[in-house]
Amino acid sequence: MPVNATLATYSDWTYGAAVAIYFFAAVLYLCEAAFARPEKAKERELVAAGGIQLGGTDAAGTWTPGLVVKPELSRAERLGRMGVALTVLGVVVQVASLVLRGLATERAPWGNMYEYGSLLTLAGVVTWLVLSRTFPVRRLGGFVLVPVVILMFLGGTVLYADAAPVQPALQSYWLVVHVSVISVSTGILLVPGVASVLYLLKSSGHARFRKFPDAEVLDRLAYRSTVFAFPLFTIGIICGAIWAEAAWGRFWGWDPKETVAFVSWVVYAAYLHARATAGWRGRPAAWINSLGFALTVFNLFFINLVTTGLHSYAGVG
Amino acid sequence: MSVLLAFLRNTWRGLTAMRTALTLLFLLALGAMPGALLPQRSLNALKVDEYIANNGWWGRFLDDLQFFDVYASVWFSAVYVLLFVSLVGCLLPRTWDYFKQMRAKPVLTPRNLARMPHHATADTTAGPQAVIEHAERRLKGWRLVTGEERNGARTVSAERGFLRETGNLVFHFSLLGLLIAFALGKMFGYEGQVIVQANGGQFCNSGVYNYDTFRPGLRVDGTRLNQFCVKIDDFNATFLHNGQAESFRADIQYQSGADLETGSWRPYPLEVNSPLRTAGDRLYLLGHGYTPLFTVTFPNGEIRTGTTQWRPVNQVTLASEGATKFDPPDVPDAEQRRKSQLAITGLLAPTAVFRGELLDSAFPAANDPAVAIDVYRGDLGTDSGRGQSIFSIDQKMVQDGKLAKVARQNLKQGEQLTLDDGTVIRFDGVRDWVSLQVSHDPTQMWVLVFSVLVILGLGVSLSIKRRRVWVRATPQEDGRTVVEVGGLARTDQAGYGEEFTALSRDLLAHKEES
Chain A
0 MPVNATLATY SDWTYGAAVA IYFFAAVLYL CEAAFARPEK AKERELVAAG
50 GIQLGGTDAA GTWTPGLVVK PELSRAERLG RMGVALTVLG VVVQVASLVL
100 RGLATERAPW GNMYEYGSLL TLAGVVTWLV LSRTFPVRRL GGFVLVPVVI
150 LMFLGGTVLY ADAAPVQPAL QSYWLVVHVS VISVSTGILL VPGVASVLYL
200 LKSSGHARFR KFPDAEVLDR LAYRSTVFAF PLFTIGIICG AIWAEAAWGR
250 FWGWDPKETV AFVSWVVYAA YLHARATAGW RGRPAAWINS LGFALTVFNL
300 FFINLVTTGL HSYAGVG
Chain B
0 MSVLLAFLRN TWRGLTAMRT ALTLLFLLAL GAMPGALLPQ RSLNALKVDE
50 YIANNGWWGR FLDDLQFFDV YASVWFSAVY VLLFVSLVGC LLPRTWDYFK
100 QMRAKPVLTP RNLARMPHHA TADTTAGPQA VIEHAERRLK GWRLVTGEER
150 NGARTVSAER GFLRETGNLV FHFSLLGLLI AFALGKMFGY EGQVIVQANG
200 GQFCNSGVYN YDTFRPGLRV DGTRLNQFCV KIDDFNATFL HNGQAESFRA
250 DIQYQSGADL ETGSWRPYPL EVNSPLRTAG DRLYLLGHGY TPLFTVTFPN
300 GEIRTGTTQW RPVNQVTLAS EGATKFDPPD VPDAEQRRKS QLAITGLLAP
350 TAVFRGELLD SAFPAANDPA VAIDVYRGDL GTDSGRGQSI FSIDQKMVQD
400 GKLAKVARQN LKQGEQLTLD DGTVIRFDGV RDWVSLQVSH DPTQMWVLVF
450 SVLVILGLGV SLSIKRRRVW VRATPQEDGR TVVEVGGLAR TDQAGYGEEF
500 TALSRDLLAH KEES
């Protein structure tokens with residue numbers, strides 16, 4: 000299987016471009032957050048509550064023209080919109096990078112840690128874009144994009160692997176299913192992870208965080224995205240077990256990666272239970288969700304790079 | 000007696016409380032972690048020994064606490080058993096409630112709908128009857144009950160999303176089933192590994208003694224294995240330029256069931272990711288390596304060939320080490336024979352590269368095989384009663400002076416060396432061997448079934464909301480009707496907002512019809 004070097008080079012360029020675009024988008028979001036007035040979110044909610052109550056989950060301003068359309072956009076608003084536009088552009092460029100990798104190597108473009116990280120961050124950014132249409136959290140985009148930029152930077156430098164075919168153990172259609180599902184669900188879990196950390200900051204009551212959206216909005220955002228990602232993560236683990244049965248002779252063997260995936264699964268299960276248990280809602284649940292994400296990051300880096308197990312496909316020399 | 004009952008009751012209540020379940024979940028997560036951070040016997044016993052040796056009392060302490068067998072340890076088992084007892088204690092009453100709820104009617108419309116989390120109101124010229132009929136049509140598919148209040152107001156109470164609890168119960172019961180199936184598989188399953196030479200080597204799953212290593216489940220005594228035989232005709236590996244493996248394939252033939260009687264063989268291309276499934280067992284291609292072929296011509300003219308597999312010490316270049324051992328021919332006296340055994344040990348490089356005299360392997364394929372060997376003569380200690388590795392000689396025999404090094408040389412394919420007594424050793428190249436694993440797990444199908452149910456139950460229980468909506472149509476003095484709509488999601492408010500908005504819009508929209 001030859002590798003198309005031209006396409007691989009274009010893939011690398013677009014990857015770099017995506018990192019740069021996300022970086023500038025993050026700067027714009029952070030500027031928006033800096034210029035925004037803290038009362039703004041409240042105004043919107045009051046307006047929404049006046050008519051038919053819309054449940055608070057929608058962005059009233061975009062849905063019902065006439066409610067809060069101001070004659071000219073504030074500086075913060077303009078920066079935020081530019082941020083969104085740049086993020087969308089970044090997504091398009093990053094998708095191009097992955098597609099080019101796939102074409103260059105003629106396989107699914109998630110065969111090593113670099114590619115895995117790219118798919119993961121892409122899923123996180125897309126999830127954020129989708130959710131920020133429903134939840135009034137756009138100005139927090141920087142807090143999602145900063146970890147994304149860091150992950151992508153590490154991926155592109157420390158973890159970078161040349162475009163190449165994968166080893167025999169990975170030559171299976173389960174690579175397409177298992178790795179993509181796990182990577183996408185982990186990427187989605189980045190969003191509730193960030194939202195939970197922000198929730199903890201906001202609910203600490205510190206004046207510095209007064210510009211953040213309501214804690215309740217962050218909590219719902221975290222819950223909605225976790226509820227979506229958790230079954231996906233479950234499917235990913237089970238697909239992994241089915242593949243392991245064919246590739247390694249057993250469906251579950253407590254390989255380090257399997258173990259930490261199991262542990263984070265249990266932690267997210269605990270989050271879902273905690274959120275339905277009196278006395279555990281709010282901050283304890285947010286702590287659990289943050290812990291869950293910390294574990295997935297630990298699983299990504301520590302288990303692949305430090306311990307040795309069957310999942311050592313990092314391609315890092 | 001009553002004290003005991005009270006104690007038991009309180010213990011049970013404590014154990015089945017959600018708080019306890021959450022704590023146990025955390026303990027389970029915490030307890031599983033050492034298995035990822037410390038070497039485990041089930042994965043790599045050598046690494047465990049090494050760790051204990053390197054860490055002194057700390058290693059022995061961890062060993063005493065079963066930290067190298069985490070998933071079989073008393074404390075880990077205790078946590079998950081308690082967790083599942085707690086789960087059962089939670090599930091039984093919920094199942095009971097569930098069946099009661101199947102017939103339950105939606106609750107009466109609360110007096111003040113404005114206090115519901117979701118609320119809307121409007122007035123209309125239509126009469127209460129028309130409003131209610133319209134609501135019933137709109138709420139098709141909901142569990143409905145209509146009512147009339149003292150002041151002439153008409154109400155509808157509606158609820159839907161009962162599948163949520165169905166999914167919830169399916170999920171949790173499937174977890175229980177999964178654990179039981181997993182445990183049964185561990186009890187009645189087995190796993191065995193064996194190395195077979197690739198040019199016609201055979202293996203039969205007829206007894207434990209055919210295996211190099213065999214790991215039985217608790218209830219497996221090694222008799223009554225599923226009968227089948229395999230024959231390795233050929234092995235092919237291809238590599239990229241950088242030495243990364245591109246494909247492994249062993250062309251095998253197998254016989255099981257009736258074929259064993261008739262002696263007919265069926266071909267199968269055994270590859271990574273594509274095990275042979277036969278006779279209820281699975282056969283995997285786990286790895287491969289090289290067997291150096293040595294021809295020894297003894298001083299009396301007798302010729303012996305050695306075909307012992309050597310094991311790779313570098314997984315990338317497949318540089319291998321091992322020991323090929325010979326008994327001298329035509330020496331009837333056991334004592335005499337023991338003194339003149341021969342062993343060839345050293346390094347095998349499938350693609351030789353010499354750095355000065357030092358041999359190393361440059362590539363995993365057998366392009367230009369060479370060996371760097373030490374030849375020992377004397378007592379190998381094979382009848383000493385002590386077990387010894389087939390990959391090495393017993394260093395104790397060397398220390399005791401019973402085994403002496405008589406030659407050291409690099410040999411390329413076809414080259415030979417002559418020992419002081421006239422024995423000639425020729426290196427004839429290499430042959431592939433494959434390492435195979437046979438796995439038997441009678442319940443893994445059930446694990447899969449329960450896993451699928453886990454996903455289905457989880458998906459249903461997390462995507463469906465149990466939610467209620469109430470409509471009250473109150474006639475006014477001026478002949479108009481005030482319509483109020485209230486909504487409540489019973490488990491989580493997230494996401495009910497949009498549905499309620501659409502619902503209330505429809506429920507209030509009929510107003511100008513009549």
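If you read the sequences in order, they're chains A and B. Reminder that position 22 of the first sequence reads as 21 in numbering that gives the first Met the number 0, one-by-one numbering, no gaps. Reminder that position 437 of the second sequence reads as 436 in numbering that gives the first Met the number 0, one-by-one numbering, no gaps. Just so it is clear, CB atoms sit at the ideal spot from N, CA and C, and this is done for glycine as well. Bear in mind that the values here come from a model prediction, so they are computed numbers and not experimental data.
With 16 as the cutoff for other CB atoms within 10 Å, does residue i come out buried or exposed?
{"i": "Ala134 (chain B)", "result": "buried"}
{"i": "Glu49 (chain B)", "result": "exposed"}
{"i": "Pro268 (chain B)", "result": "exposed"}
{"i": "Gly192 (chain A)", "result": "buried"}
{"i": "Gly316 (chain A)", "result": "Because Gly316 (chain A) carries a pLDDT of 36, less than 50, the predicted location of this residue cannot be relied on, and the following value inherits that uncertainty. By the 10 Å Cβ count, Gly316 (chain A) comes out exposed."}
{"i": "Ala20 (chain B)", "result": "buried"}
{"i": "Ala107 (chain A)", "result": "buried"}
{"i": "Tyr172 (chain A)", "result": "exposed"}
Express the C-alpha separation of residue j and residue i in angstroms, rounding to a whole number.
{"i": "Leu189 (chain A)", "j": "Gly486 (chain B)", "result": "32 Å"}
{"i": "Arg59 (chain B)", "j": "Leu402 (chain B)", "result": "35 Å"}
{"i": "Ala163 (chain A)", "j": "Leu102 (chain A)", "result": "11 Å"}
{"i": "Met396 (chain B)", "j": "Glu414 (chain B)", "result": "29 Å"}
{"i": "Phe499 (chain B)", "j": "Val106 (chain B)", "result": "18 Å"}
{"i": "Tyr208 (chain B)", "j": "Val433 (chain B)", "result": "18 Å"}
{"i": "Ala121 (chain B)", "j": "Arg489 (chain B)", "result": "25 Å"}
{"i": "Phe187 (chain B)", "j": "Val124 (chain A)", "result": "47 Å"}
{"i": "Ile131 (chain B)", "j": "Ala245 (chain A)", "result": "59 Å"}
{"i": "Ala231 (chain A)", "j": "Thr222 (chain B)", "result": "Residue identity differs from the one stated: residue 231 (chain A) is Leu in this sequence, not Ala. About 42 Å."}
{"i": "Asp218 (chain A)", "j": "Tyr198 (chain A)", "result": "7 Å"}
{"i": "Glu301 (chain B)", "j": "Pro328 (chain B)", "result": "7 Å"}
{"i": "His310 (chain A)", "j": "Asp431 (chain B)", "result": "26 Å"}
{"i": "Ala214 (chain A)", "j": "Ile234 (chain A)", "result": "30 Å"}
{"i": "Ser255 (chain B)", "j": "Leu153 (chain A)", "result": "52 Å"}
{"i": "Ser388 (chain B)", "j": "Thr344 (chain B)", "result": "12 Å"}
{"i": "Val296 (chain A)", "j": "Ser179 (chain A)", "result": "16 Å"}
{"i": "Phe213 (chain B)", "j": "Val147 (chain A)", "result": "47 Å"}
Which residue marks the beginning of the beta strand (DSSP E) containing residue i, and which one marks its end?
{"i": "Thr154 (chain B)", "result": "Arg153 to Arg159"}
{"i": "Ala472 (chain B)", "result": "Arg466 to Pro474"}
{"i": "Phe202 (chain B)", "result": "Gly200 to Cys203"}
{"i": "Asn235 (chain B)", "result": "Phe227 to Phe238"}
{"i": "Phe426 (chain B)", "result": "Val423 to His439"}
{"i": "Ser246 (chain B)", "result": "Ala244 to Ser255"}
{"i": "Arg114 (chain B)", "result": "Segment: none, Arg114 (chain B) is in no beta strand (DSSP E) and carries neither H nor E."}
{"i": "His287 (chain B)", "result": "Asp280 to Thr296"}
{"i": "Gln196 (chain B)", "result": "Tyr189 to Gln196"}
If you follow the alpha helix (DSSP H) that residue i is part of, which residue opens it and which one closes it?
{"i": "Glu334 (chain B)", "result": "Ala333 to Lys338"}
{"i": "Gly263 (chain A)", "result": "It should be noted that the sequence gives Ser, not Gly, for residue 263 (chain A). Looking at the DSSP string, the run of the alpha helix (DSSP H) that includes Ser263 (chain A) is Pro255 to Arg274."}
{"i": "Ala16 (chain A)", "result": "Ala4 to Phe34"}
{"i": "Thr381 (chain B)", "result": "Careful: Thr381 (chain B) lies outside any alpha helix (DSSP H) and carries neither H nor E."}
{"i": "Leu418 (chain B)", "result": "Careful: Leu418 (chain B) lies outside any alpha helix (DSSP H) and carries neither H nor E."}
{"i": "Asp329 (chain B)", "result": "Segment: none, Asp329 (chain B) is in no alpha helix (DSSP H) and carries neither H nor E."}
Three-pair Cβ contact test at 8 Å for the stretch 464-484 of chain B versus the stretch 167-182 of chain B:
no
Report the residues of the stretch 9-21 of chain A with a CB closer than 8 Å to any CB of chain B, ordered along the chain.
none
If you pair each beta-carbon of the stretch 244-251 of chain B with each one of the stretch 461-468 of chain B, do three or more pairs fall below 8 Å?
no
Contact between the stretch 147-164 of chain B and the stretch 69-89 of chain B (3+ Cβ pairs under 8 Å)
no
Which residues, in order along the stretch 139-169 of chain B, keep a beta-carbon less than 9 Å from a beta-carbon of chain A?
none
Chain-ordered residues of the stretch 84-107 of chain A with a beta carbon less than 7 Å from chain B:
none
The stretch 266-287 of chain B: positions lying closer than 8 Å to chain A by Cβ
Glu270, Val271, Asn272, Ser273, Pro274, Arg281, Tyr283 and Leu285
Validate contact between the stretch 361-369 of chain B and the stretch 312-325 of chain B using beta carbons, cut 8 Å, 3 pairs:
yes
According to a CB-to-CB cut-off of less than 7 Å, which residues of the stretch 56-80 of chain B neighbour chain A?
Tyr70
Segment contact, 8 Å Cβ cut-off, at least three pairs: the stretch 84-96 of chain B with the stretch 438-450 of chain B
no
Members of the stretch 32-46 of chain B that neighbour chain A once the beta carbon cut-off is set at 8 Å
Met32, Gly34, Ala35, Leu36, Gln39, Ser41 and Leu42
Pull out every residue of the stretch 116-131 of chain B whose Cβ sits closer than 7 Å to any Cβ of chain A, in chain order.
His117, His118 and Ala119
Give me the subset of the stretch 444-466 of chain B whose CB atoms are less than 9 Å from a CB atom of chain A, sorted by chain position.
Val446, Leu447, Ser450, Val451, Val453, Ile454, Leu457, Gly458, Leu461 and Ser462
According to a CB-to-CB cut-off of less than 7 Å, which residues of the stretch 306-329 of chain B neighbour chain A?
none
Contact between the stretch 88-105 of chain A and the stretch 1-19 of chain A is defined here as three or more beta-carbon pairs at a separation below 8 Å; is this criterion met?
yes
Is the stretch 130-150 of chain A close to the stretch 78-85 of chain A, with three or more CB pairs under 8 Å?
yes
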